[in-house]
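Visitor: Everything in the sequence shown is counted per this note's numbering, starting at 6 for the first residue and increasing by one.
What follows is a single structure, and I will ask about it in a moment.
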Amino acid sequence: MFKEISISRTSCIGNSPIYQSTIQSDGRVFWNGEKNVSFLGEHKFTISSPRLKKLEDLLLSFDYKNFTYHSSREIIPDSPTCVTRVVFKHGETKTVVHDLGDVDGMIENKKHTLKKLERFERDLERIAGLKTLIKQPLYLYHFKNKHMENVEYVLSSPSQEEAFKLIDATYVQCKNWEIEKLGRDSTHHLHPYIVMQKDD
């Protein structure tokens with residue numbers, strides 16, 4: 006059983022996410038988003054016992070305690086890193102610093118590839134509830150005013166309620182809108198935004 010798991014991502018250049026997060030054995034999760042993430046700043050929440058069990062199973066299936074980092078040494082300068090750290094029940098600590106520009110070197114244990122390490126990191130983020138804090142899903146909504154035919158919007162937002170907040174205050178009080186959900190926003194935007202606005 007783990008006492009604490011932490012994961013952080015750093016970036017030297019580019020738009021890679023920068024954040025730190027810690028998961029306690031009682032389910033408390035602490036988040037601090039610094040840059041290039043959907044949720045900036047500090048946030049606290051709690052995950053369920055089944056999720057904690059999934060994290061424990063993930064550590065065991067990946068064999069994190071015995072993981073050995075095999076580097077090719079062909080590291081790309083200024084590449085981002087992902088740092089994971091686990092404090093186990095009896096106080097033993099293991100830290101893995103993953104340079105995301107690195108590639109696998111000579112490996113005897115096929116469990117311990119960098120590709121599988123990256124999958125472990127992604128699974129950790131997903132199970133711990135960090136995925137939507139890093140990049141929330143955005144959806145496209147078409148808002149058309151029923152009484153003012155020249156007023157319409159295409160908005161990108163995580164929900165219809167959040168999309169309403171993007172509409173000009175002059176029109177937002179009007180409840181007579183035709184609203185159509187167009188689908189998933191496939192861009193790299195992290196926050197809600199106005200795609201198109203017509204109000205002339």
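Cβ coordinates follow ideal geometry from the N, Cα and C atoms, glycine included.
For H95, which option in T137, W36, F7 has the closest C-alpha, if you only look at C-alpha atoms?
Guide: On the sequence shown, position 90 is the one that residue 95 refers to. Ranking the options by Cα distance to H95, first place goes to F7.
Visitor: Which same chain residues end up closer than 6 Å to T100 when comparing Cβ atoms and leaving out the 5 residues on each side of it in sequence?
Guide: Your numbering for residue 100 matches position 95 in the sequence shown. Once the five neighbours on either side are set aside, the close Cβ partners of T100 are R90.
Visitor: Since L138 sits in a beta bridge, which residues does DSSP pair it with?
Guide: In the sequence shown, residue 138 corresponds to position 133, counting from 1. L138 is not bridged to any residue.
Visitor: Taking the straight line between their C-alpha atoms, what separation do you get for K170 and Y198?
Guide: On the sequence shown, residue 170 is found 165 positions in, with the first residue counted as 1. On the sequence shown, residue 198 is found 193 positions in, with the first residue counted as 1. Straight-line Cα distance between these residues: approximately 10 Å.
Visitor: Can you tell me which of the three DSSP states K203 falls into?
Guide: In the sequence shown, residue 203 corresponds to position 198, counting from 1. Here K203 sits in strand by DSSP.
Visitor: Would you check if there are 3 or more beta carbon pairs closer than 8 Å linking the stretch 115-128 to the stretch 138-148?
Guide: no
Visitor: Work out the CA separation of I10 and V102 for me, nearest whole Å.
Guide: For this step, residue 102 is matched to residue 97 along the sequence shown. For this step, residue 10 is matched to residue 5 along the sequence shown. Answer to the nearest angstrom: the Cα atoms are 14 Å apart.
Visitor: Give the range of the alpha helix (DSSP H) segment to which E97 is assigned.
Guide: As a first step, residue 97 is located in the sequence shown; it is residue number 92 there, counting from the start. E97 -> no alpha helix (DSSP H), and no H or E assigned at all.
Visitor: Just grab the DSSP bridge partners of R14 for me.
Guide: Translated into positions along the sequence shown, residue 14 becomes position 9. Residue pairing from DSSP places R14 in a beta bridge opposite Y24, C87.
Visitor: List in chain order: all unbroken alpha helix (DSSP H) runs of 4+ residues lying wholly within the stretch 144-183.
Guide: Taking only runs of at least 4 residues, the alpha helix (DSSP H) segments lying wholly in the stretch 144-183 are 165-169, 174-177.
Visitor: Under 9 Å, do I12 and E130 count as touching if we go by C-beta distance?
Guide: Counting from one through the sequence shown, the residue named residue 12 turns up at place 7. Counting from one through the sequence shown, the residue named residue 130 turns up at place 125. Going by C-beta atoms, I12 is nearer than 9 Å to E130.
Visitor: Got a sec? Which residues, its chain only, sit under 8 Å from S53 by beta carbon, not counting five neighbours each side?
Guide: Residue numbering aside, residue 53 sits at position 48 when the sequence shown is read from its first letter. These residues qualify, in order along the chain: G32.
Visitor: By Cβ distance below 8 Å, which residues in the same chain neighbour D128 in space, the five residues on each side in sequence not counted?
Guide: Counting from 1 along the sequence shown, the entry for residue 128 is found at position 123. Here the set comprises L63.
Visitor: Quick one: which unbroken alpha helix (DSSP H) runs of 4-plus residues sit fully inside the stretch 29-83? Chain order, please.
Guide: 54-67
Visitor: Determine which residues share a DSSP beta bridge with R189 and list them.
Guide: Taking the first residue of the sequence shown as 1, we reach residue 189 at position 184. Looking at the DSSP assignment, R189 forms a beta bridge with Y144.
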